[in-house]
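When we follow this note's numbering, the leftmost residue of the sequence shown carries the number 20, and every step to the right adds one.
A virtual CB, placed ideally from N, CA and C, is assigned to each residue, including glycine.
Owing to the predicted nature of the structure, the values given are computational and were not obtained by experimental measurement.
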Amino acid sequence: MARRKSPLYSLGGWLLLFLLLLGVTFPGLGLGPTSHDVRPGYGVSELRWLSDYLPALKGTPGDTPVYVMKGKKEGGVFLLLGGTHPDEIAGIMAAILAVERGNVSQGTVFVIPHANNSASRHNNGHWGHPELQWLEITTSFGERRHFHYGDRLTQPEDQVPDPKEFVQYPSGEKFPGYEARNLNRNYPGKPDGTLTQQVCFAILQLVEKERVDVVMDMHESGISSRMAYMLVCHPRALQIGAMAAMELEQDGISIKLETARKEFHGLSYRELGDRTGVYAFLMETPNPGQEPNIDHPDIIHDPRAPLNHRVYVQLKTIFALLENYNLVSPPERAIRVSFPFPLEKLDTEELGAFLR
Ligand SMILES: [Zn+2]
């Protein structure tokens with residue numbers, strides 16, 4: 020005889036459904052890190068997670084995929100970081116394009132498109148535009164793909180409440196409390212620290228363990244900011260940066276150069292460069308979404324800084340840096356990357372034409 024369902028049983032079912040729906044909204048219910056529409060191409064040989072370098076990150080909103088692209092020929096190692104600040108979307112899209120279409124013929128490239136994955140979940144309006152939550156890009160197949168437009172800082176619910184004053188570890192330098200959630204303020208990080216410190220520590224572990232030779236941390240600034248089109252170099256990497264800037268100038272791209280100042284602490288290029296042998300760089304392209312004075316910024320098509328142009332500048336800068344790194348490094352540590360299309364096409368065609 021069939022068991023009769025009691026009213027309580029169906030109430031439990033509804034409760035379960037309700038909790039599952041809640042789980043979609045609140046990552047605290049154990050769904051782990053935010054996932055993204057990234058479609059690895061032929062160049063990707065392995066998928067790892069940042070938690071492979073710090074197991075304490077596993078299952079947390081700070082964990083994030085690490086795409087490994089290994090060339091046929093042994094060589095040097097390059098680490099590409101997008102999404103340190105996930106509202107700085109040109110870096111994220113350049114990293115995704117590298118994963119989807121890039122190819123490595125010599126050396127190994129590690130790509131982390133969403134370095135601060137907690138911050139990538141949604142935009143809290145740090146620059147006054149909380150309406151920016153997604154970017155929609157139509158591919159050449161007519162498919163509309165959606166990418167998170169995130170926040171500058173780790174989501175508050177993913178970390179202990181901000182202190183009144185943030186004391187940077189280990190420098191002791193003091194900042195406003197919210198900087199405790201800024202990935203680019205927390206290097207070298209701490210294995211048992213806050214989520215943001217743990218992410219920094221895991222990235223440093225990756226750089227050490229994989230013997231990374233070159234790291235690029237891709238950022239964006241406001242379009243009228245002094246930082247727009249700025250390449251910041253660790254002092255040891257300045258010569259490579261200067262040679263790359265001259266090469267870019269010949270290709271019609273004018274970038275400014277700055278070197279890491281001793282008094283600035285917690286920044287990727289400063290701390291990774293000081294603590295390992297890596298040549299560390301940070302690149303800034305201009306993003307209309309970081310301009311509080313623009314009403315309804317068009318983050319994809321603003322003619323002053325269209326997204327395809329910003330992604331082009333990020334990738335072109337990386338190519339120039341790697342070429343000049345190869346000139347000053349032993350041939351067995353060379354790094355050679357390519358795309359199956361001329362990079363210049365990115366400057367004139369929409370990004371969707373190149374994504375998978
Ligand atoms: Zn930034």
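Which whole-angstrom value describes the C-beta separation of Val251 and Ala221, a residue pair presumed to lie in contact below a C-beta threshold of 8 Å? Taking the first residue of the sequence shown as position 1, residue 251 is located at position 232. Taking the first residue of the sequence shown as position 1, residue 221 is located at position 202. Actually they are not in contact, since the Cβ atoms of Val251 and Ala221 sit about 22 Å apart, beyond 8 Å.
Given 8 Å, three or more beta-carbon pairs between the stretch 75-85 and the stretch 290-309: no
Mapping DSSP to helix, strand and coil, what is Ala264? Taking the sequence shown and counting its residues from 1, one reaches residue 264 at position 245. Correct three-state label for Ala264: helix.
Based on the DSSP secondary-structure assignment, which residues constitute the bridge partners of Arg67? In the sequence shown, the residue the question calls residue 67 occupies position 48. Arg67 pairs with Val85.
Could you check the C-alpha separation between Lys183 and Tyr206 for me, to the nearest Å? To locate residue 183, count along the sequence shown from 1; it is residue 164. To locate residue 206, count along the sequence shown from 1; it is residue 187. Cα to Cα, the separation comes out at about 20 Å.
Flag this pair as touching only if the stretch 102-117 and the stretch 303-322 have three or more C-beta atom pairs under 8 Å; answer yes or no. yes
One or two residues paired with Cys252 in a DSSP bridge: Looking up residue 252 in the sequence shown gives position 233. Answer is Thr278, Phe300, bridged to Cys252.
Would you kindly work out how many angstroms separate the C-alpha atoms of Gln224 and Tyr72, rounded to a whole number? By 1-based counting over the sequence shown, the position of residue 224 is 205. By 1-based counting over the sequence shown, the position of residue 72 is 53. Spanning the two alpha carbons is a distance of roughly 6 Å.
Please report the straight-line C-alpha distance between His141 and Arg171, rounded to a whole angstrom. As a working note, residue 141 is residue 122 in the sequence shown. As a working note, residue 171 is residue 152 in the sequence shown. Computed Cα separation, rounded: 10 Å.
Other residues of its chain near Ile337: CB distance less than 6 Å, five sequence neighbours each side excluded: Counted from its first residue, the sequence shown places residue 337 at position 318. Excluding residues within five positions, the ones whose Cβ falls inside 6 Å are Met235.
Out of Glu342, Thr367, Lys281, Gln187, point me to the one whose CA is closest to Ala261's CA. For the purposes of this step, residue 261 is taken as residue 242 along the sequence shown, with counting starting at 1. Looking at the Cα atoms, Glu342 is the closest of the given residues.
What is the DSSP secondary structure of Pro305, reduced to helix, strand or coil? On the sequence shown, residue 305 is found 286 positions in, with the first residue counted as 1. The answer is strand: DSSP assigns Pro305 an E or B state.
Would you give the residue range spanned by the alpha helix (DSSP H) that Phe220 belongs to? Start at 1 with the first residue of the sequence shown, and residue 220 comes out as number 201. Phe220 -> alpha helix (DSSP H) spans 214-228.
Exposure of Ala21, with buried meaning 16 or more beta-carbon neighbours within 10 Å: Residue 21 sits at position 2 when you count from the first residue of the sequence shown. With a pLDDT of 46 at Ala21, under the threshold of 50, the predicted position of this residue should be treated as unreliable, though the coordinate-derived value follows. By the 10 Å Cβ count, Ala21 comes out exposed.
Say the cut is 6 Å; is the CB of His104 nearer than that to a heavy atom of ligand 2? This structure lacks ligand 2; the ligands present are ligand 1.
Taking only heavy atoms of ligand 1 into account, decide whether any of them is closer than 6 Å to the Cβ of His238. In the sequence shown, counting from the first residue as 1, residue 238 sits at position 219. Indeed, a heavy atom of ligand 1 lies less than 6 Å from the Cβ.
I need the straight-line Cα distance from His253 to Glu229, nearest angstrom please. Working through the sequence shown from its first residue, we reach residue 253 at position 234. Working through the sequence shown from its first residue, we reach residue 229 at position 210. About 20 Å.
Based on the DSSP secondary-structure assignment, which residues constitute the bridge partners of Leu73? Counting from 1 along the sequence shown, the entry for residue 73 is found at position 54. DSSP output for Leu73 lists no bridge partner at all.
Under three-state DSSP, which class holds Thr127? In the sequence shown, residue 127 corresponds to position 108, counting from 1. Residue state, collapsed to three classes: strand.
Along the beta strand (DSSP E) that carries Glu119, what are the first and last residues, could you check? Sequence index remark: in the sequence shown, residue 119 carries index 100 (1-based). Not the beta strand (DSSP E): Glu119 falls in the alpha helix (DSSP H), residues 108-120.
Short Cβ contact (7 Å threshold) for Asp177 with Leu214: Residue 177 sits at position 158 when you count from the first residue of the sequence shown. Residue 214 sits at position 195 when you count from the first residue of the sequence shown. Taking 7 Å as the Cβ cut-off, Asp177 and Leu214 qualify as a contacting pair.
Chain C contact for Arg164 (CB, 7 Å cutoff): The displayed structure is made up of one protein chain only, and chain C is not part of it.
Is Glu107 near ligand 1, in the sense that its beta carbon is under 6 Å from a heavy atom of that ligand? Position 88 of the sequence shown, counting from 1, holds the residue named residue 107. Glu107 Cβ: within cutoff of ligand 1.
Three-state secondary structure assigned by DSSP to Phe338: Counted from its first residue, the sequence shown places residue 338 at position 319. Correct three-state label for Phe338: helix.
CB Met246 to CB Glu303, shorter than 7 Å? For the purposes of this step, residue 246 is taken as the residue at position 227 of the sequence shown. For the purposes of this step, residue 303 is taken as the residue at position 284 of the sequence shown. Result yes, Cβ atoms of Met246 and Glu303 sit closer than 7 Å.
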